[in-house]
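2 protein chains.
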Amino acid sequence: MSYDDSCPVCRTAEIVCGKWTLLIIRDLAEGRSRFCELERSLKGISPRTLSLRLRALEEEGIVERQTFPEVPPRVEYALTEKGLALVPLIEDMRSYGRRWLGADGECTPASGEAELVVPAPPAAAAA
Amino acid sequence: MSYDDSCPVCRTAEIVCGKWTLLIIRDLAEGRSRFCELERSLKGISPRTLSLRLRALEEEGIVERQTFPEVPPRVEYALTEKGLALVPLIEDMRSYGRRWLGADGECTPASGEAELVVPAPPAAAAA
DNA sequence: TCCCGGTACTTCAGTTCGTGAAGTCTTGCG
DNA sequence: CGCAAGACTTCACGAACTGAAGTACCGGGA
């Protein structure tokens with residue numbers, strides 16, 4: 007891919023810059039998820055791309071895959087520690103999008119967001 | 007591109023996920039730069055891609071382009087405020103790369119890094 | 001005089017990446 | 001039987017990215 011391997015920004019860019027990759031991680035940051043849930047949440051992704059991304063992310067050790075031997079087979083994906091470490095990146099993107107791109111949708115169930123980021127807003131800021 | 011427009015993460019992903027885009031911003035975060043400097047620093051980028059990215063980034067209001075009517079014509083690119091707001095993202099990527107991908111190179115002239123983060127080195131450093 | 005080098009690109013042909021639609025495999029249900 | 005669910009593959013096509021080459025400009029050296 008011709009990026010410079012010794013540069014940490016390049017290395018991260020390589021992982022992160024496939025189309026949909028960051029969005030998959032954003033979804034998984036909310037909790038473990040199944041293939042078809044991701045497919046539904048990432049409206050517009052092709053199953054081929056989702057499959058490819060998930061596989062690559064698994065190889066990188068960013069997501070973990072767990073198969074259940076049920077009868078429509080069930081597979082769940084979750085972030086590893088290495089994957090969780092990307093969440094601050096996502097949060098930066100979220101605030102950037104809100105501040106500079108005028109995007110204010112939730113796009114994720116809003117459940118995890120508070121947990122993940124805000125430790126405890128100092129009540130003073132509001133006043 | 008089929009991303010969800012109301013989602014801030016998606017919107018940012020759209021901007022940021024072209025190959026090289028983040029690296030261009032990383033370079034520009036070190037200070038204004040010319041086309042051929044970027045070309046040299048981003049070893050392996052094709053001039054076409056660089057040109058395309060720079061143009062797109064300009065349209066987005068992330069970089070500013072300034073032309074000097076000199077005799078080999080000179081063009082300089084710099085981050086706007088909207089572009090500078092992406093620097094924390096780059097810094098997250100840098101620490102992620104260092105911590106989780108074992109990449110410890112500098113990849114940028116090392117000059118800017120300190121400038122950007124440290125407000126003013128105590129005069130003792132020079133002596 | 002003619003060619004060279006530097007800068008900022010554009011054009012071209014070819015490869016890789018991502019897409020939508022459709023197909024695969026398994027078993028439970030009506 | 002035939003469809004449904006779930007997790008994918010396969011296929012053919014278009015978009016993105018690539019390397020090599022070309023364009024336009026002019027000053028300077030052989």
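Chains as they are written, first to last, in our numbering: chain A, 7 to 133; chain B, 7 to 133.
Every residue gets a Cβ at the ideal spot worked out from N, C-alpha and C, and that includes glycine.
Can you give the Cα-Cα distance for residue i and residue j, rounded to whole angstroms?
i, j, result
"residue 108 of chain B", "residue 87 of chain A", "15 angstroms"
"residue 62 of chain B", "residue 11 of chain A", "26 angstroms"
"residue 60 of chain A", "residue 64 of chain B", "33 angstroms"
"residue 45 of chain B", "residue 32 of chain B", "13 angstroms"
"residue 100 of chain A", "residue 76 of chain A", "37 angstroms"
"residue 58 of chain B", "residue 36 of chain A", "35 angstroms"
"residue 29 of chain B", "residue 66 of chain B", "16 angstroms"
"residue 68 of chain A", "residue 17 of chain A", "14 angstroms"
"residue 20 of chain A", "residue 79 of chain B", "33 angstroms"
"residue 105 of chain A", "residue 71 of chain A", "35 angstroms"
"residue 47 of chain B", "residue 24 of chain A", "22 angstroms"
"residue 51 of chain A", "residue 13 of chain B", "15 angstroms"
"residue 49 of chain B", "residue 49 of chain A", "35 angstroms"
Is the distance from the Cβ of residue i to the Cβ of residue j below 8 angstroms?
i, j, result
"residue 26 of chain A", "residue 73 of chain A", "no"
"residue 98 of chain B", "residue 94 of chain A", "yes"
"residue 15 of chain B", "residue 96 of chain A", "yes"
"residue 2 of chain A", "residue 9 of chain B", "The first residue shown for chain A is 7 and the last is 133, placing residue 2 of chain A beyond what the model contains."
"residue 34 of chain A", "residue 111 of chain A", "no"
Residues of chain A with a CB under 7 angstroms from the CB of residue i: which are they?
i, result
"residue 86 of chain B", "Here the premise fails: no neighbours, minimum Cβ distance about 10 angstroms."
"residue 96 of chain B", "15"
"residue 19 of chain B", "28, 29, 99"
So residue i contacts chain A; which residues on that side make the cut at Cβ distance below 9 angstroms?
i, result
"residue 57 of chain B", "The premise fails here: residue 57 of chain B is roughly 17 angstroms from chain A at the closest Cβ pair, so nothing lies under 9 angstroms."
Could you tell me which chain A residues have their CB closer than 8 angstroms to the CB of residue i, listed as they occur along the chain?
i, result
"residue 39 of chain B", "None at all; the shortest Cβ gap to chain A is about 16 angstroms."
"residue 54 of chain B", "Residues of chain A passing the Cβ test: none, with the nearest at roughly 14 angstroms."
Taking C-beta pairs closer than 9 angstroms, name the residues in chain B that residue i reaches, listed in chain order.
i, result
"residue 42 of chain A", "Ordered by position in chain B, no residue passes the 9 angstroms Cβ test against residue 42 of chain A, which lies about 18 angstroms from the chain."
"residue 80 of chain A", "What residue 80 of chain A touches in chain B: nothing, since even the nearest Cβ is about 26 angstroms away."
"residue 32 of chain A", "13, 15, 16, 19"
Note down, in chain order, every chain B residue with its Cβ under 8 angstroms from the Cβ of residue i.
i, result
"residue 92 of chain A", "102"
"residue 107 of chain A", "14, 17, 18, 21"
Item to check | the stretch 34-45 of chain A / the stretch 65-84 of chain A touching (three or more Cβ pairs under 8 angstroms) | outcome: yes
Item to check | Sequence ranges, beta strand (DSSP E) only - wholly within the stretch 31-84 of chain A, length at least 3 | outcome: 69-74
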